[in-house]
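For the sequence shown, my numbering assigns the number 287 to the initial residue and increments by one for each residue that follows.
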Amino acid sequence: MKMSPPSSQQHKCHPKNIPNTAIKNMLTQAQKRFKPYATVTWLSELLANEKECEYALWKRTHYQFESQPSTYDPSEHDEMLIKRAEKLQNEGFTVSVENQNSFKYKSQNFNICVAGRPDIIAIKDDWAVVEDIKTGKHRNSHIMQVLLYMSILPFAPETQHLFKGHIPHGRLVYRDEILELPKWSVDQKFRQRLWQLMVMLCNSQPPNPTPSQWECRYCKIPFADCPAKLNQGEKAQTILVAVAEK
Ligand code: SF4
Numbered sequence: 287m288k289m290s291p292p293s294s295q296q297h298k299c300h301p302k303n304i305p306n307t308a309i310k311n312m313l314t315q316a317q318k319r320f321k322p323y324a325t326v327t328w329l330s331e332l333l334a335n336e337k338e339c340e341y342a343l344w345k346r347t348h349y350q351f352e353s354q355p356s357t358y359d360p361s362e363h364d365e366m367l368i369k370r371a372e373k374l375q376n377e378g379f380t381v382s383v384e385n386q387n388s389f390k391y392k393s394q395n396f397n398i399c400v401a402g403r404p405d406i407i408a409i410k411d412d413w414a415v416v417e418d419i420k421t422g423k424h425r426n427s428h429i430m431q432v433l434l435y436m437s438i439l440p441f442a443p444e445t446q447h448l449f450k451g452h453i454p455h456g457r458l459v460y461r462d463e464i465l466e467l468p469k470w471s472v473d474q475k476f477r478q479r480l481w482q483l484m485v486m487l488c489n490s491q492p493p494n495p496t497p498s499q500w501e502c503r504y505c506k507i508p509f510a511d512c513p514a515k516l517n518q519g520e521k522a523q524t525i526l527v528a529v530a531e532k
C-alpha cells in the first residue's frame, strides 16, 4: 500500500482549542473520536492473526474508552533499550529513542490517523534502521509492528526527513536473539493485508463482533458497547439482581 505523505495541515489528529478538563470529563464514557485513530500496536495483533475480533479494533478506532491502569513494569525494557542505543552509538550511528520517535500519520488514502513510537531509530550515512526492543517471547505481532514502522516512518511528518522516502531496515531485539527484517519484508502480501485492514477500519459501519472466551476476557470494549461479549452478560445480570435484592 502506498501511504502518501500528508500536507502540513493533514497530520493533525486532534482538534485544537479543547481544554484538558473537557477531554478528561469526556473520557468517563466512550466518546466518538473526531477522526478514526489507531496505534501501530493495535493494528499489529490483527495483522498477525493473533486476534480475530475486527469489531473490537473498529470500536477502539472510532471511539475513545476510559484507559485502564497498567501493571506493566518497564524497567527491564528500559535497561535493554539503553544498552542497545549505546552499542549503536559506539558503532557511529546517530540514535534517537522512544518519545523522540513519536509520529502521528494521516494517510491520503484513508481517513485515519495512525500513531506509533518505535524504540530506536539509528542513522549512519545512507543506512537507516528502526528497532524495537522486546523482553517477552517471540510473537508474529512484533514482526507486524516493525513492518508498520518501516512502512510509515518514511512518510510521517515527524520522521520523513530521516529516511528520504526510503524504507529502512528493521530489527527486533530480544534478550536472546536479534531478528533482522530487511526492507523487502514490506512485501505485496503485507501491503495487501494492511490495505484490507484500513478499508475495514475506515468503513462507517462496524464489522460483526467475533466473540471468543480468550479475546472477550481481555478485551477493553465494555459490555455496554459490545452485547456479544462472552461471560460479561452473566456478570452484568448478577450485579443487576444483587442491586434489585438490596
Ligand atoms: S468483547 Fe469479545 S466480541 Fe466484543 S469486541 Fe471484545 S473481543 Fe469482540
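We treat Cβ as the ideally placed atom computed from N, Cα and C, and that holds for glycine.
Task: Rounded C-alpha distance that separates Q446 from K410 - done: Within the sequence shown, the letter at position 160 stands for residue 446. Within the sequence shown, the letter at position 124 stands for residue 410. For Q446 and K410, the distance between alpha carbons rounds to 16 angstroms.
- [ ] Leaving out five residues on either side along the sequence, give the residues of the same chain with a beta carbon under 6 angstroms from the beta carbon of V326.
- [x] Along the sequence shown, one-based indexing puts residue 326 at 40. So the list reads G402, Q431, L434, once near-sequence residues are dropped.
TODO: Measure the alpha-carbon distance for C512 versus L329 and round it to whole angstroms.
DONE: Within the sequence shown, residue 512 is the residue found at index 226, counting from 1. Within the sequence shown, residue 329 is the residue found at index 43, counting from 1. About 20 angstroms.
Open item on the list: Can you determine whether any heavy atom of the ligand SF4 sits closer than 7 angstroms to the C-beta of E501, and answer yes or no?
Closed with: Here residue 501 is taken as the residue at index 215 of the sequence shown, counted from 1. Indeed, a heavy atom of the ligand SF4 lies less than 7 angstroms from the Cβ.
TODO: Could you have a look at D418 and say whether DSSP puts it in helix, strand or coil?
DONE: Looking up residue 418 in the sequence shown gives position 132. Strand.
- [ ] Identify whether Q446 lies in helix, strand or coil by the three-state DSSP scheme.
- [x] Position 160 of the sequence shown, counted from the start, is the residue given in the question as residue 446. If DSSP states are grouped into helix, strand and coil, Q446 belongs with the helices.
Open item on the list: Could you compute how far the alpha carbon of Y391 sits from the alpha carbon of A324?
Closed with: The count along the sequence shown starts at 1 and reaches residue 391 at position 105. The count along the sequence shown starts at 1 and reaches residue 324 at position 38. Rounded to the nearest whole angstrom, the CA to CA distance from Y391 to A324 is 10 angstroms.
Task: Residues near P468 in its chain [Cβ-Cβ closer than 8 angstroms; skip 5 each side] - done: For the purposes of this step, residue 468 is identified with residue 182 of the sequence shown, where counting begins at 1. Within the same chain, P468 has close Cβ partners H455, G456.
TODO: Please check the pair N387 and I419, which I expect to be a contact at CB under 8 angstroms, by giving their CB distance rounded to whole angstroms.
DONE: The count along the sequence shown starts at 1 and reaches residue 387 at position 101. The count along the sequence shown starts at 1 and reaches residue 419 at position 133. Actually they are not in contact, since the Cβ atoms of N387 and I419 sit about 12 angstroms apart, beyond 8 angstroms.
Open item on the list: With H, G and I counted as helix, E and B as strand and the rest as coil, what does DSSP make of V472?
Closed with: On the sequence shown, residue 472 is found 186 positions in, with the first residue counted as 1. V472: coil per DSSP, three-state reduction.
Task: Meets three-Cβ-pair contact criterion under 8 angstroms: the stretch 491-501 and the stretch 335-344 - done: yes
- [ ] List the DSSP bridge partners of W543.
- [x] The chain is shown only over 287 to 532; residue 543 falls outside these bounds and no answer can be derived.
Open item on the list: Which residue wins for smallest C-alpha separation from H428, given the options F320, Q317, E336?
Closed with: Here the question's residue 428 lines up with position 142 in the sequence shown. Residue E336 is the option with its Cα nearest to H428.
- [ ] Starting from the C-beta of A316, find all residues in its chain whose C-beta is less than 6 angstroms away, skip the five residues before and the five after it, and write them out in chain order.
- [x] Numbered from its first residue, the sequence shown carries residue 316 at position 30. These residues qualify, in order along the chain: Y349, F351, D511.
TODO: From the DSSP output, in three-state form, read off S437 for me.
DONE: In the sequence shown, counting from the first residue as 1, residue 437 sits at position 151. In this structure, S437 counts as helix in the three-state DSSP scheme.
Open item on the list: If distances are taken between C-alpha atoms only, which option among K450, Q482, I507, L333 comes closest to F396?
Closed with: To locate residue 396, count along the sequence shown from 1; it is residue 110. Considering only alpha carbons, the answer is Q482.
Task: M289 versus W344 - alpha carbon distance - done: In the sequence shown, the residue the question calls residue 289 occupies position 3. In the sequence shown, the residue the question calls residue 344 occupies position 58. A caution first: M289 carries a pLDDT of 46, below 50, which makes its placement in the model unreliable, though a value can still be read off. One C-alpha to the other measures close to 20 angstroms.
Task: CB contact flag (L367, D405, <8 angstroms) - done: Looking up residue 367 in the sequence shown gives position 81. Looking up residue 405 in the sequence shown gives position 119. Going by C-beta atoms, L367 is nearer than 8 angstroms to D405.
TODO: Kindly say whether Y323, judged by its beta-carbon, lies nearer than 8 angstroms to any beta-carbon of chain D.
DONE: As a matter of chain content, chain D is missing from the structure shown, which is built from one protein chain.
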